[in-house]
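Student: First the structure, which I've put down as structure tokens, then a few questions once you've had a look.
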Amino acid sequence: HNKPGLIRDLLPVCLPALYGGTAEKAELVRQVDLGPFKHKVDDGLDIRKAAFECMDTLLDTCLERLDTGVFIHHLISGLRDNHDI
55 HNKPGLIRDL
65 LPVCLPALYG
75 GTAEKAELVR
85 QVDLGPFKHK
95 VDDGLDIRKA
105 AFECMDTLLD
115 TCLERLDTGV
125 FIHHLISGLR
135 DNHDI
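Now the structure itself:
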């Protein structure tokens with residue numbers, strides 16, 4: 055939020071990595087046994103949260119430089135994320 059102008063010109067290079075961070079990765083989800091119960095732990099949750107925070111900042115500051123169709127596609131995938139984890 056502090057200096058979005060620093061990355062504005064680098065968006066075409068950075069956006070694919072940012073959008074890649076919004077996807078849930080099966081290899082980062084593990085199941086932990088808690089006695090008779092099984093609990094899912096998502097080790098990629100913090101990465102996804104940070105990616106969506108960055109997307110929020112870009113939406114506020116660099117909307118004119120974003121491909122809104124691609125942006126919305128990745129935003130929708132985040133809204134469909136598993137809330138049980």
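Quick note: the sequence shown uses the working numbering, first residue 55, plus one each step.
C-beta atoms are modelled at their ideal positions from N, C-alpha and C, and glycine is treated no differently.
#1: Should Ala71 go down as buried or exposed, given a rule of 16 or more other Cβ atoms within 10 Å for buried?
#2: Pick from Lys57, Arg84 and Arg119: whose alpha carbon is nearest that of Lys92?
#3: Residues in its own chain within less than 7 Å of Ser131 by CB, not counting five upstream and five downstream?
#4: Reducing DSSP to helix, strand and coil, say where Arg119 ends up.
#5: Starting from Leu65 and walking both ways along the alpha helix (DSSP H), at which residues does that stretch end?
Tutor: With the structure as the only source:
#1: Taking the sequence shown and counting its residues from 1, one reaches residue 71 at position 17. Ala71 is exposed by the Cβ-count criterion.
#2: Residue mapping note: residue 92 aligns to position 38 of the sequence shown, counting from 1. The residue with the shortest Cα to Cα distance from Lys92 is Arg84.
#3: As a working mapping, residue 131 is identified with position 77 in the sequence shown. The answer, listed in chain order, is Thr76 and Ala77.
#4: As a working note, residue 119 is residue 65 in the sequence shown. Helix, per DSSP.
#5: Indexing the sequence shown from 1 puts residue 65 at position 11. Taken as a continuous stretch (DSSP letters only), the alpha helix (DSSP H) holding Leu65 covers Leu65 to Gly74.
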